[in-house]
Structures are given as C-alpha cells and as structure tokens.
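A short write-up of the structure that comes next.
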Amino acid sequence: MTKPVPDQTLQSLDARSRDIFRLIVETYLHHGEPVGSRNLSRLLPTQLSPATIRNVMSDLEHLGLIYSPHVSAGRLPTQQGLRFFVDAFMEVGDLTEEERRVIEAQIKASGRGQSLEHMLTEASQLLSGLSRGAGLVLTAKTEAPLKHIEFIQLEPRKALAILVSQNGDVENRVVDLPAGVTASQLIEASNFLNAHIRGRTLAEAKAEMARLKDETRAALDSLSQSLVEQGLAIWAGTESDAPARIIIRGRANLLENVTAQADLELLRHLFEDLETKEALIQLLDLAEEGPGVRIFIGSENKLFSLSGSSLVVAPYRDQDSRVIGALGIIGPTRLNYARIVPMVDYTAQLVGRMLR
Numbered sequence: 361m362t363k364p365v366p367d368q369t370l371q372s373l374d375a376r377s378r379d380i381f382r383l384i385v386e387t388y389l390h391h392g393e394p395v396g397s398r399n400l401s402r403l404l405p406t407q408l409s410p411a412t413i414r415n416v417m418s419d420l421e422h423l424g425l426i427y428s429p430h431v432s433a434g435r436l437p438t439q440q441g442l443r444f445f446v447d448a449f450m451e452v453g454d455l456t457e458e459e460r461r462v463i464e465a466q467i468k469a470s471g472r473g474q475s476l477e478h479m480l481t482e483a484s485q486l487l488s489g490l491s492r493g494a495g496l497v498l499t500a501k502t503e504a505p506l507k508h509i510e511f512i513q514l515e516p517r518k519a520l521a522i523l524v525s526q527n528g529d530v531e532n533r534v535v536d537l538p539a540g541v542t543a544s545q546l547i548e549a550s551n552f553l554n555a556h557i558r559g560r561t562l563a564e565a566k567a568e569m570a571r572l573k574d575e576t577r578a579a580l581d582s583l584s585q586s587l588v589e590q591g592l593a594i595w596a597g598t599e600s601d602a603p604a605r606i607i608i609r610g611r612a613n614l615l616e617n618v619t620a621q622a623d624l625e626l627l628r629h630l631f632e633d634l635e636t637k638e639a640l641i642q643l644l645d646l647a648e649e650g651p652g653v654r655i656f657i658g659s660e661n662k663l664f665s666l667s668g669s670s671l672v673v674a675p676y677r678d679q680d681s682r683v684i685g686a687l688g689i690i691g692p693t694r695l696n697y698a699r700i701v702p703m704v705d706y707t708a709q710l711v712g713r714m715l716r
C-alpha cells in the first residue's frame, strides 16, 4: 500500500528540489524512462551542475519520492512519489471544445435508439481510444422504470414474456401457461399489466399489483388473472441476484510497451481480477467513496495490488443522484493523469445524463 506523503514534505522542498522532482516525474509520464543528472541539467530553467542535481536527487530518494531502478541509472518516481505529484503538483487540464464535441457526439449517437449495453460498450471503446489505455465501464443491476410487457404464445402451454424497460433494455422469459389460455386472454393480461406498470420499477410494479389484487379479480377471469400474477413473478429475485456487468475495451493497449515476462504476468493478474464479482463490487465501492473522479496509483487499492496498474474512475448517477455505475481508464502508472481526469469526468456526466 502506498504510504501518504506527510504534508510537511511539500514545505520542506525548496524551489530547486520541486523543479527537479517535477521534471523527473514529467519525463517518466511522457517517456517511461529514468532521467539522470546530466539530462536534468539541460532541462532545468536554471543552471545547476550535475553534482548539485545528484545531491538533490539523493534527498528526494531519502524522502521516498524517487528511486534508481539499477546502479548508475537515472531516477524514476516511486508510487509514493507519483501520488505526491498528483496531489501537490499536477494541474488538471480541461477538454478542448473539439474534444467535448467528439465525446458528446459519440455518446449521444450510441444511445440513440440503442440498448443500454450498446451505449456502455461504446463509452468503454471511446475511453480506450482517447487514452490508449483500457476503457472500463461498470454498471450495477438497476431497476429502470418499466415501459411495456407482452405475452407471445409459443405452444399451447408455453409463452414468451417480454419485459421492456424505459432505458431500452429488453428481457425475455419463457413461462408456463395454464391449460386452456387463449390468445385474447394473453392480450387482456398484457393490457392490464401495461395500464399499471408503466413508469414504475419492477419492485413498485409488484407492490402495485399486490395492492390491486381485488380489482384484478373483478376485472379479469381466473386464467387472465393467473397470467397477470405470473407476468411479474417470473422476474422475482432476479434484480437483486444478477451480477453487475463490466465492459472492458482496449486490453491490447496495455500490452503495447510490455516486453518482460514479469510484466506480462502482472497484466494476467489484472485481467483475472477484473473477471471476478468481488472486483466489480470493489470498483463500485471505489467510485462511491468520492463525489468525482478518483485516481488510484499502483497498489493503492486491493484490486491492483498484484498488477501495479493505475485506475482513473468516476461514478455516473441516475436522476435521483444514486450511483448506478462507474467508468474509467486502466493503464500503467505513467498515465497522463492531467489529461485523463477531465476526459473521464465529462464522459461519466454524459452517460449519467443519457440514462435519465
């Protein structure tokens, strides 16, 4: 686990130390390579000798902010150093108007007349393409308001029950029919349900049907009444038992600069972790802990303790401001955090808006 950098650390660094530390981190974020004192002396705005820079680097190393990957190499930031840079030095940029137009156009196009699954898949692909990392979208199983239910007879004793939500999701179930049910009774049961469920969640629709039990008996014959009761009962329990869904696009991006077998093994751990239900719960918990975008570097959370990857994640919310999912970008610790944070934030806002 990355230890937090004490507040007094920033105060203890003079302007020269800050400049050198910032250059080491920025060079790593751009190129992924260690930087030595000779190169730093050419990059710094003030003239400093390599010997002076080495002394400052020694102090930064003592603070746990940088390290040397091997003898006589330059320096790289530690995970603790990256966290310190993100918290104390990083200036989060903003998206350009063109970037906003591109993201908004793609999210709106993917949600126009398409299923929720399609829109979330496109959002994941979009984040992957913009970041060159892996785009991740997580959606919890939510109770969207219902739009329509219909029974289609398949056999004399079987029918297909189709449940359509207002967000475009469609679920089908095969139900057993009472003996003697006619096509007109299927229509009658569908019409009765549709008159009372539209705009309600599944739980609310069930409660309404229970409240209208006497009215149901008066309005329908026994076979149609049985169908009405089955119409919602076949989905009983599924909304709480169904797992959250995770959509990841751009996994290949994470392999672009990986050559060592050890690094491949770390990525294998990451991909395995992301397939587990526990991982999904952890990701939703991470998103719910903060109001906006959160940055997790390397082993700062249990999910990435083995892979050492970083995650930039933001929640998206429904019309009642409840967190119903999360989206973000997974990548190496040298992600361009300043660029990715506003990208993730804006995409999460658009997805939440489209789901309302």
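First residue of the sequence shown: 361, per the working numbering; consecutive thereafter.
From the three backbone atoms N, C-alpha and C, an ideal C-beta is built for every residue, glycine too.
ask   = By Cβ distance, which residues of its chain are closer than 6 Å to D601, with the 5 residues on each side in sequence left out?
value = Interpretation of D601 is limited by its pLDDT of 46, a score under 50 that renders its predicted location unreliable; the figure taken from the coordinates is listed afterwards. Listed in chain order, the non-local C-beta contacts of D601 below 6 Å within the same chain number zero, local neighbours out to five positions each way being set aside.
task = Inspect the CB distances between the stretch 380 to 389 and the stretch 436 to 446 and report whether three or more fall short of 8 Å.
result = The answer is yes - the stretch 436 to 446 touches the stretch 380 to 389, with three or more Cβ pairs under 8 Å.
ask   = Among R460, L546, I557 and V672, which one has its Cα closest to the Cα of L644?
value = Comparing alpha-carbon positions, the option among R460, L546, I557 and V672 lying closest to L644 turns out to be V672.
query = Between the stretch 451 to 469 and the stretch 506 to 519, do at least 3 Cβ pairs fall closer than 8 Å?
reply = No, the stretch 451 to 469 is not in contact with the stretch 506 to 519.
query = The beta strand (DSSP E) with Q513 in it runs from where to where?
reply = Run containing Q513: L506 to E515, per the beta strand (DSSP E) assignment.
key: Under the three-state DSSP convention, the category R376 falls into   = Helix at R376.
query = Taking Cβ positions, are L587 and A549 nearer each other than 7 Å?
reply = Result yes, Cβ atoms of L587 and A549 sit closer than 7 Å.
contact_flag[the stretch 486 to 500, the stretch 680 to 695] where n(CB pairs < 8 Å) is 3 or more = Yes: the two stretches touch, three or more of their Cβ pairs being nearer than 8 Å.
request  = To the nearest angstrom, report how far apart L583 and Q545 are at their CA atoms.
outcome  = Looking at the two C-alpha atoms, the distance is approximately 7 Å.
inquiry  = So, at 6 Å on beta carbons, what are the nonlocal neighbours of F656 in its own chain, with the 5 sequence-adjacent residues on each side left out?
reply    = Answer for F656: L671, listed in chain order.
inquiry  = Along the chain, where does the alpha helix (DSSP H) containing P410 start, and where does it finish?
reply    = From DSSP, the alpha helix (DSSP H) with P410 extends over P410 to H422.
DSSP state of F656 mapped onto helix, strand, coil = It is a strand residue.
C-alpha distance - S372 paired with V446, whole-angstrom precision = Computed Cα separation, rounded: 17 Å.
query = So, is L520 buried or exposed, given that buried needs 16 or more other C-beta atoms within 10 angstroms?
reply = Under a 10 Å Cβ-count criterion, L520 is classified as exposed, with fewer than 16 other Cβ atoms of the shown protein chains found around its own Cβ.
ask   = Cβ atoms of P410 and R398: under 7 Å apart, would you say?
value = Result yes, Cβ atoms of R398 and P410 sit closer than 7 Å.
ask   = What residues match up with L389 in a beta bridge as DSSP calls it?
value = L389 is bridged by DSSP to nothing; it lacks a bridge partner.
key: Contained beta strand (DSSP E) runs [length at least 3] in the stretch 510 to 556, N- to C-terminal order   = Fully enclosed beta strand (DSSP E) runs of 3 or longer: 518 to 525 and 530 to 536.
query = How should T598 be labelled, buried or exposed, when 16 other C-beta atoms within 10 angstroms of its C-beta is the threshold for buried?
reply = Bear in mind that a pLDDT of 49 at T598, under 50, signals an unreliable position, so the number given afterwards is only what the model happens to contain. Answer is exposed; the Cβ neighbour count stays below 16.
ask   = Which stretch, first to last residue, makes up the beta strand (DSSP E) that contains T607?
value = The identity of residue 607 in the sequence shown is Ile, whereas the question assumes Thr. In the DSSP annotation of this structure, the continuous segment of the beta strand (DSSP E) that includes I607 starts and ends at R605 to R609.
key: Own chain residues within Cβ distance below 6 Å of I700, not counting five before or after   = Cβ within range, chain order: S491, V672 and I689.
query = Taking buried to mean at least 16 other C-beta atoms within 10 Å of its own C-beta, is E451 buried or exposed?
reply = E451 comes out exposed.
key: For F631 and R611, believed in contact at Cβ under 8 Å, the rounded distance   = Between F631 and R611 the Cβ distance is about 7 Å, and since that is below 8 Å, they are a contact.
Three-state secondary structure (DSSP) of S432 = Reduced to three states, the DSSP call for S432 is coil.
message = Tell me the DSSP secondary structure of V452 in three-state form.
response = Coil.
message = Buried or exposed for V704, going by 16 or more other Cβ atoms inside 10 Å?
response = With a 10 Å radius around the Cβ and a threshold of 16 neighbouring Cβ atoms, V704 comes out buried.
ask   = Among the residues of its own chain, which have a CB less than 7 Å from the CB of H478, if the five just before and after it don't count?
value = So the qualifying residues of the chain are S470.
ask   = CB-CB under 6 Å to M417, same chain, minus the five flanking residues each way: which ones, in chain order?
value = Sequence-distant Cβ neighbours of M417 in its own chain, meaning closer than 6 Å and more than five residues away, are R435.
The beta strand (DSSP E) enclosing T499, as first and last residue numbers = Its beta strand (DSSP E) spans residues A494 to T499.
ask   = In three-state DSSP terms, what is M703?
value = If DSSP states are grouped into helix, strand and coil, M703 belongs with the helices.
Backbone CA spacing between T576 and A567 [nearest angstrom] = C-alpha separation (whole angstroms): 13 Å.
Cα-Cα separation, P735 to I522 = Since the first residue shown for the chain is 361 and the last is 716, residue 735 is missing from the structure and cannot be characterised.
query = If you count every other CB in all the chains shown that lies within 10 Å of the CB of V570, and 16 or more means buried, which is it?
reply = Note that residue 570 is Ala in the sequence shown, not Val. The residue in question, A570, is exposed, as its Cβ has fewer than 16 Cβ neighbours within 10 Å.
message = If I follow the unbroken beta strand (DSSP E) through S582, where does it start and stop?
response = Note, S582: premise wrong, no beta strand (DSSP E); alpha helix (DSSP H) at S582 to A593.
key: Among G489, G712, P437 and L404, nearest to Y676 - alpha-carbon criterion   = For Y676, the closest C-alpha among the options G489, G712, P437 and L404 is that of G712.
query = Just to confirm, are A539 and S525 a CB contact at a threshold of 7 Å?
reply = Not closer than 7 Å, so no.
Nonlocal neighbours in the same chain, by C-beta distance under 7 Å from Q585, ignoring five residues either side = Excluding sequence neighbours, Q585 sits near T576 and R577.
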